[in-house]
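Participant: My questions all concern the structure below.
2 protein chains.
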Amino acid sequence: MARPREVDPWDPTPIYLQIAGFLREDIESGKLAPGAQLPSEKEIQQTYGVARETARAVVRKLRDEGRVVTLPGRGTFVPPG
Amino acid sequence: MARPREVDPWDPTPIYLQIAGFLREDIESGKLAPGAQLPSEKEIQQTYGVARETARAVVRKLRDEGRVVTLPGRGTFVPPG
DNA sequence: TTTCATTTGTTCGTATGTATT
DNA sequence: CAATACATACGAACAAATGAA
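Respectively, the protein sequence lines represent chains A and B.
Going by the numbering used here, 795 is the number at position 64 of the first sequence; the sequence numbering is gapless.
Going by the numbering used here, 785 is the number at position 54 of the second sequence; the sequence numbering is gapless.
Quick look at the structure:
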């Protein structure tokens, strides 16, 4: 496990957008390849030390961008090409 | 003011989707014409007796559908034709 | 089949910040 | 300045879907 990038509380960018940026990088770099599963909401909470609503906002943002798809009860994934 | 339609707690449909349905009807029927302002989050809360996040989810749903636009600090509106 | 753990969905509460009027 | 309105973020609880045991 790589050390997680950390949220910068001094950055005026909302926390959820900072984290969404981290995951967006992972998708674009291929570190999260098509078909890969994103960290769960709970993992996002624990990794970055944020509340669930913040974790959910992260995923919602990426979903709104069309970068990921969420399957209830299963998880959130990078869609296949 | 017409008496508000009421949320049916026995309907398995999520409350925020029920309320979004009410407002969607108002938009499609022309009761909320292009340019009209939607009820605020607080008004939705009070009218239907729901929490803020629920009221926000109502507006977000309609926004995601492209039926309304939100102007921060002003309100949510039915966009002009 | 039933049970259990995991994951997302929904709902409520509270607080603070920012922008507009 | 004050009122209004949306944005963000913390906490808490229960429901629903899924899959594995």
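Glycine included, C-beta positions come from ideal geometry on N, C-alpha and C.
Spatial neighbours of A:ALA786 within its chain, please: C-beta separation below 6 Å, excluding the five flanking residues on both sides.
Facilitator: Excluding positions up to five away in sequence, the list reads GLU772, ILE775, GLN776.
Participant: Closer than 6 Å by C-beta to A:TYR747: which residues in its own chain qualify, once you throw out the five before and the five after it? Chain order, please.
Facilitator: So the list reads THR785, ALA788, VAL789, once near-sequence residues are dropped.
Participant: Give the single residue among B:THR778, B:PHE753, B:TRP741, B:ALA767 whose Cα lies nearest to the Cα of B:VAL800.
Facilitator: Answer by Cα proximity: B:ALA767.
Participant: To which residues of the same chain is A:GLY812 closer than 7 Å at the C-beta, ignoring the five residues directly before and after it?
Facilitator: For A:GLY812, where only same-chain residues beyond five positions count, the Cβ hits under 7 Å are PRO765.
Participant: Is DSSP giving A:VAL781 helix, strand or coil here?
Facilitator: Reduced to three states, the DSSP call for A:VAL781 is coil.
Participant: Name the DSSP beta bridge partners of B:VAL800, please?
Facilitator: In DSSP, B:VAL800 forms a bridge with B:PHE808.
Participant: To the nearest angstrom, how far is the alpha carbon of A:PRO770 from that of A:THR807?
Facilitator: Roughly 8 Å separates the two Cα atoms.
Participant: Please classify B:LYS762 as buried or exposed, where buried requires at least 16 other C-beta atoms within 10 Å of its C-beta.
Facilitator: Exposed: under 16 other Cβ atoms inside 10 Å.
Participant: Determine the closest residue to B:ILE758 out of B:ARG736, B:GLY780, B:ARG798, with distance taken between C-alpha atoms.
Facilitator: When each option's Cα is compared against that of B:ILE758, the closest is B:ARG798.
Participant: Please list, in chain order, all residues of the same chain as B:MET732 whose beta carbon is under 6 Å from its beta carbon, the five residues on each side excluded.
Facilitator: Unreliable placement is indicated for B:MET732, whose pLDDT of 46 sits below 50; no coordinate value is reported for it.
Participant: Mark A:ALA751 as exposed unless 16 or more other C-beta atoms lie within 10 angstroms of its C-beta, in which case mark it buried.
Facilitator: Buried: at least 16 other Cβ atoms inside 10 Å.
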